[in-house]
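**Student:** Here the protein sequences line up with chains Z and W, keeping their order.
If you read the first sequence in the numbering used here, its first letter stands for residue 200, the second for the next number, and so on.
If you read the second sequence in the numbering used here, its first letter stands for residue -12, the second for the next number, and so on.
The C-beta atom is built at its ideal place from N, Cα and C for all residues, glycine as well.
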Amino acid sequence: MTKSLRPDLQLIADLIKPNSRVLDVGCADGALLNYLVNKKQVDGRGLELSQQGVNACVAKGLFVIQGDADNDLHEYPDNSFDYVVLSKTLQAVHRPRDVLVNLLRIGKRAVVTIPNFGQWRVRLSLLRRGRMPVTKELDKAWYNTDNIHFCTIHDLFDLIEAEGLTVKEFVPHTKAGKKLSMSRTRANWTADQGLFLLEK
Amino acid sequence: MRGKEGHTATLFKKDSLTLDSGATLSPVNVGYETYGTLNTGRTNAVLICHALTGDQYVASTHPITGKPGWWERIVGPGKLLDTDKYFVVCSNVLGSCLGTTGPWEINEVTGQPWGLDFPVITIRDMVKVQAALLDFLGVGSLMAVIGGSMGGMQTLEWLTTYPERLHSAVVLASAARHTAQNIAFHEVGRQAVMADPNWHGGTYYNEDSKPDKGLAVARMTAHITYLSEDALTKKFGRNLQARDAVTFGFDADFQVESYLRYQGSAFVDRFDANSYLYITRAMDYLDIARRYDGRLADAFKAAAHVRCCVISFSSDWLYPTLENKTIAHAMNAAGVPVSFAEIDSPHGHDAFLLDEPEMDQMLDGFIAAAAKSRGLPS
Chain Z
200 MTKSLRPDLQ LIADLIKPNS RVLDVGCADG ALLNYLVNKK QVDGRGLELS
250 QQGVNACVAK GLFVIQGDAD NDLHEYPDNS FDYVVLSKTL QAVHRPRDVL
300 VNLLRIGKRA VVTIPNFGQW RVRLSLLRRG RMPVTKELDK AWYNTDNIHF
350 CTIHDLFDLI EAEGLTVKEF VPHTKAGKKL SMSRTRANWT ADQGLFLLEK
Chain W
-12 MRGKEGHTAT LFKKDSLTLD SGATLSPVNV GYETYGTLNT GRTNAVLICH
38 ALTGDQYVAS THPITGKPGW WERIVGPGKL LDTDKYFVVC SNVLGSCLGT
88 TGPWEINEVT GQPWGLDFPV ITIRDMVKVQ AALLDFLGVG SLMAVIGGSM
138 GGMQTLEWLT TYPERLHSAV VLASAARHTA QNIAFHEVGR QAVMADPNWH
188 GGTYYNEDSK PDKGLAVARM TAHITYLSED ALTKKFGRNL QARDAVTFGF
238 DADFQVESYL RYQGSAFVDR FDANSYLYIT RAMDYLDIAR RYDGRLADAF
288 KAAAHVRCCV ISFSSDWLYP TLENKTIAHA MNAAGVPVSF AEIDSPHGHD
338 AFLLDEPEMD QMLDGFIAAA AKSRGLPS
């Protein structure tokens, strides 16, 4: 009944305890939420901007509010979720710092994944071409990309520390969702994406 | 007054209905229609709440106008609200004029129509009458309660007043309170009715003429609020009505004038002027948060088990997205499982009655999931 989850979403799902309350910010078609609701008996809610995404979620029997991280998170009460998930969205919000703080106001824990702009191919592309990197995953030119606040794994660690938040788990991984066991610095060179489980 | 063709139930015969105003009514007649069959488990009932000038003829021919039901697009065999699966109930609201007790009805004490002696009612009073009708029909709890505009307001009051009788609820293009602008437009409508010399302080029922002109103007004003500027421009622009040039007079030179005049004159044939006063007043009095010290979320705390869906329309300036989203966020804060979307539509407030594929898709998914979680066959 539930199809197998995309590997990078599976990494997120593995961090979430059964029977918890989860808010997925930017939940798209609800694939992760649907998995969590059906396999982990989670009380799941979503926030999603696209009508297509909202309709796909509702058709799955999920509950989702149309909106985005910049404008709607402040409406959610303090500590109303066990986990708030923000998957590959932080780089697309207007105020990443406010969003990060809000995630941990609303949730006891936050699960954040970012595309790592420090990855060597990205660095090499900028070095060789002298132009903003365009990759398969991030395939839009600088002037029309939704990704307006790119950061590296180091950058996010810095912000997390500056905000006094705690990294409970750090899972660097490849695009295919394969976990990489390595230091932060090496991950900053190697990993396509970084997954952070955060607490206050 | 009219509409004897449909079903009527006489309720509150022994125990009178106590209204929010403190006044009591007994008995209360309710005009209603049902579609489909209540299943043996009594789990498939759906209540549809109609808007200000709507009625119970949601999926059957209107007895006065002869027009098809106002939501036949959605309600019927094989349709989104499939009457082969669901037992759909729709009743004329308290204070209205198609078989349900209202100012047009004979006050048994005086033997005369109530007129303005009829007590002022609220949206919650309407809902109490609907609950009594469901008792009468043997419906304990509802698979869904659904309403747009004032129907959405009733749905909200169902959530505050009878949450234990609900499995799911749908609110379309609505609000949990009337704003100053909402009240202002209604007041213009009421003043138009009351300024009509045929109104006679509301005692026109035995006169030869009714306050048709005043009621028509009220309808014309209200109708503008149901559309968007864009919709009016697209539909009429500055087009002239069956003429090549303006006439330098006050005939309906423009198509939009002719359209509004038609809307006004068609309306008075099917609606009672005093009913219009009472129902607009009920809407103006709506302010759900006020009963909960200004915290709307508290209104929904007892409804945390009810699956909810709130939908707004981008060009609706009568009950705009913000009002609807406020409802959704309040429900969410109360722990109510709720979905919300703003449907992109050029059609203004009336969009909820029109063919909006994105709305249909969302409604369809929501209803199917609600039915499934209710244990109904898909």
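Could you spell out the range, first to last residue, of the beta strand (DSSP E) harbouring K367 of chain Z?
**Tutor:** Looking at the DSSP string, the run of the beta strand (DSSP E) that includes K367 of chain Z is T365 to H372.
**Student:** Would N270 of chain Z be called buried (16 or more neighbouring beta carbons within 10 Å of its own) or exposed?
**Tutor:** Answer is exposed; the Cβ neighbour count stays below 16.
**Student:** Determine the burial state of S155 of chain W: buried for a count of at least 16 other Cβ atoms within 10 Å of its Cβ, exposed for fewer.
**Tutor:** That one is buried.
**Student:** Would you tell me roughly how many angstroms separate the C-alpha atoms of H252 of chain W and A203 of chain W, rounded to the nearest one?
**Tutor:** It should be pointed out that residue 252 of chain W corresponds to Ser in this sequence rather than to His. Computed Cα separation, rounded: 6 Å.
**Student:** Would you mind giving the Cβ-Cβ distance between M349 of chain W and A315 of chain W, rounded to the nearest angstrom? I have them listed as a contact below 8 Å.
**Tutor:** In fact, because the Cβ distance is near 13 Å, the residues do not count as touching under 8 Å.
**Student:** Output yes or no for whether 8 Å exceeds the beta carbon distance between F324 of chain Z and P332 of chain Z.
**Tutor:** Checking the sequence shown, residue 324 of chain Z turns out to be Ser, not Phe. Cβ atoms of S324 of chain Z and P332 of chain Z: closer than 8 Å.
**Student:** Given a cut-off of 8 Å, decide if T87 of chain W and V80 of chain W are closer than it, judged by their beta-carbon atoms.
**Tutor:** Taking 8 Å as the Cβ cut-off, V80 of chain W and T87 of chain W qualify as a contacting pair.
**Student:** For chain Z, find out if any of its Cβ atoms is closer than 8 Å to the Cβ of S301 of chain W; answer yes or no.
**Tutor:** It does not; no Cβ of chain Z falls within 8 Å.
**Student:** With a threshold of 16 other CB atoms inside 10 Å of the CB of T30 of chain W, please say whether the residue is buried or exposed.
**Tutor:** Result: buried.
**Student:** For the alpha helix (DSSP H) that I211 of chain W lies in, which residues bound it at each end?
**Tutor:** First-last of the alpha helix (DSSP H) with I211 of chain W: D199 to Y213.
**Student:** When you compare the CB positions of P324 of chain W and F262 of chain Z, do they come within less than 8 Å of one another, or not?
**Tutor:** Taking 8 Å as the Cβ cut-off, P324 of chain W and F262 of chain Z qualify as a contacting pair.
**Student:** What are the start and end residues of the beta strand (DSSP E) that includes Y19 of chain W?
**Tutor:** V15 to Y22 is the extent of the beta strand (DSSP E) around Y19 of chain W.
**Student:** With C-beta atoms as the reference, is V297 of chain W less than 8 Å away from V75 of chain W?
**Tutor:** No, the Cβ-Cβ distance between V297 of chain W and V75 of chain W is not below 8 Å.
**Student:** Is the beta carbon of T142 of chain W sitting closer than 8 Å to the one on C77 of chain W?
**Tutor:** No, Cβ-Cβ distance for T142 of chain W and C77 of chain W is not below 8 Å.
**Student:** Should M177 of chain W go down as buried or exposed, given a rule of 16 or more other Cβ atoms within 10 Å for buried?
**Tutor:** Before going on, a small fix: residue 177 of chain W reads as Arg here, not Met. Looking at its Cβ environment, which holds 16 or more other Cβ atoms inside 10 Å, R177 of chain W is buried.
**Student:** Using C-beta distances below 6 Å, list every residue in its chain close to H(-6) of chain W, excluding the 5 sequence neighbours before and after it, in chain order.
**Tutor:** Result list for H(-6) of chain W: Y19, in chain order.
**Student:** Does the separation of the CB atoms of V126 of chain W and L153 of chain W fall below 8 Å?
**Tutor:** No.
**Student:** Please report the residue range of the alpha helix (DSSP H) in which K283 of chain W lies.
**Tutor:** Note on identity: in this sequence residue 283 of chain W is Leu, with Lys being the wrong assignment. Per DSSP, L283 of chain W belongs to the alpha helix (DSSP H) from L283 to A286.
**Student:** Return the residue from the list W:S196, W:M181 and W:D195 that minimises the CA-CA distance to G189 of chain W.
**Tutor:** If we check each option's Cα against that of G189 of chain W, W:M181 comes out closest.
**Student:** Does DSSP put V325 of chain W in a helix, in a strand, or in coil?
**Tutor:** It is a strand residue.
**Student:** So Q265 of chain Z contacts chain W; which residues on that side make the cut at Cβ distance below 7 Å?
**Tutor:** Residues of chain W passing the Cβ test: F327, A328 and E329.
**Student:** Based on Cα-Cα distance, which residue from W:K288, W:Y265 and W:Y263 lies nearest to I275 of chain W?
**Tutor:** Nearest option by C-alpha distance: W:K288.
**Student:** Select from the region 257 to 284 of chain Z all residues with a C-beta closer than 9 Å to any C-beta belonging to chain W, and list them in chain order.
**Tutor:** So the list reads V257, A258, K259, G260, L261, F262, V263, I264, Q265, G266, D271, E274, Y275, P276 and S279, given in the order they occur along the chain.
**Student:** Would you mind working out which of W:L121, W:T166, W:K197 and W:A118 sits nearest F258 of chain W, comparing C-alpha positions?
**Tutor:** The residue with the shortest Cα to Cα distance from F258 of chain W is W:K197.
**Student:** Just checking: is the beta-carbon of V253 of chain Z within a distance shorter than 8 Å of some beta-carbon in chain W?
**Tutor:** Yes, its Cβ sits closer than 8 Å to a Cβ of chain W.
**Student:** By Cβ distance below 7 Å, which residues in the same chain neighbour H273 of chain Z in space, the five residues on each side in sequence not counted?
**Tutor:** Cβ within range, chain order: N301.
**Student:** If you draw a straight line from the C-alpha of N163 of chain Z to the C-alpha of N233 of chain Z, how long is it?
**Tutor:** Absent from the structure is residue 163 of chain Z, since the part of chain Z shown begins at 200 and ends at 399.
**Student:** Indicate whether G317 of chain Z and H372 of chain Z have their beta-carbon atoms separated by less than 8 Å.
**Tutor:** No. Outside cutoff.
**Student:** So M140 of chain W and L273 of chain W are supposed to be a Cβ contact under 8 Å. How far apart are they, rounded?
**Tutor:** The pair is a contact, with the Cβ atoms about 5 Å apart (cut-off 8 Å).
**Student:** For Y282 of chain Z, which residues does DSSP report across the bridge?
**Tutor:** Bridge partners of Y282 of chain Z: Z:V221 and Z:R308.
**Student:** From which residue to which residue does the beta strand (DSSP E) around T(-3) of chain W run?
**Tutor:** Here the beta strand (DSSP E) through T(-3) of chain W covers H(-6) to L(-2).
**Student:** Along the region 311 to 327 of chain W, what residues have a CB closer than 7 Å to any CB found in chain Z?
**Tutor:** For the region 311 to 327 of chain W, which is checked against every Cβ of chain Z, the residues closer than 7 Å are A315, H316, N319, A320, P324, V325, S326 and F327.
**Student:** Sorted by chain position, which residues of the same chain lie with C-beta nearer than 7 Å to R290 of chain Z's C-beta, five sequence neighbours on each side aside?
**Tutor:** It should be noted that the sequence gives Gln, not Arg, for residue 290 of chain Z. Cβ neighbours of Q290 of chain Z beyond the five flanking positions: I313, P314, N346, H348, F349 and C350.
**Student:** Work out the CA separation of E59 of chain W and V286 of chain Z for me, nearest whole Å.
**Tutor:** The identity of residue 286 of chain Z in the sequence shown is Ser, whereas the question assumes Val. So the alpha carbons of these two residues sit roughly 42 Å apart.
**Student:** What in chain Z is Cβ-close to E345 of chain W, meaning under 8 Å?
**Tutor:** The contacting residues are Q250 and N254.
**Student:** Tell me which same chain residues have a C-beta within less than 7 Å of the C-beta of E144 of chain W, skipping the five on either side of it?
**Tutor:** Excluding residues within five positions, the ones whose Cβ falls inside 7 Å are I110, R111 and V114.
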